[in-house]
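> Count along the sequence shown starting at 1, add 7, and that's the number in our numbering.
From the three backbone atoms N, C-alpha and C, an ideal C-beta is built for every residue, glycine too.
Take a look at this one; I'll ask things after.
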Amino acid sequence: MYLTRSSSILYQILNKALNYSLKKKDEKQFINVRLQLLDQQYCLEMDRQLWQSYLDIGLQQHLWP
């Protein structure tokens with residue numbers, strides 16, 4: 008959700024939470040790239056958990072060897 012919001016709102020929230028002002032372009036770029044990576048990691052983990060649950064159900068129901 009945070010990746011679909013305005014960057015300026017995100018920076019305001021981070022400024023308050025970190026008690027530090029993100030003013031430099033490279034700092035903001037680092038935050039954006041890091042958030043994208045964290046988002047990808049989260050999505051991959053959700054996919055992994057979903058497929059693991061399919062496997063577990065299949066094994067319990069003896070549908071898969």
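What number of angstroms, rounded off, separates the C-alpha of Q38 from the C-alpha of R12?
By one-based count along the sequence shown, residue 38 stands at place 31. By one-based count along the sequence shown, residue 12 stands at place 5. Gln is not the amino acid found at residue 38; the sequence shown has Ile there. If I take the Cα positions, the gap works out to 14 Å.
> For the alpha helix (DSSP H) containing S6, list its first residue and its last residue.
Because the chain spans 8 through 72 in this model, residue 6 falls outside it and cannot be assessed.
> Compute the beta-carbon to beta-carbon distance between L10 and L21, rounded to the nearest angstrom, for a pair I have assumed lies under 8 Å.
Indexing the sequence shown from 1 puts residue 10 at position 3. Indexing the sequence shown from 1 puts residue 21 at position 14. Not confirmed; about 13 Å, so no contact.
> Where S60 and Y49 are concerned, what is the direct C-alpha to C-alpha distance, given to the nearest angstrom?
Here residue 60 refers to the residue found at position 53 of the sequence shown. Here residue 49 refers to the residue found at position 42 of the sequence shown. Distance between the alpha carbons of S60 and Y49 is about 17 Å.
> What are the start and end residues of the alpha helix (DSSP H) that includes K31?
Counted from its first residue, the sequence shown places residue 31 at position 24. Where K31 is concerned, there is no enclosing alpha helix (DSSP H), given that its DSSP letter is neither H nor E.
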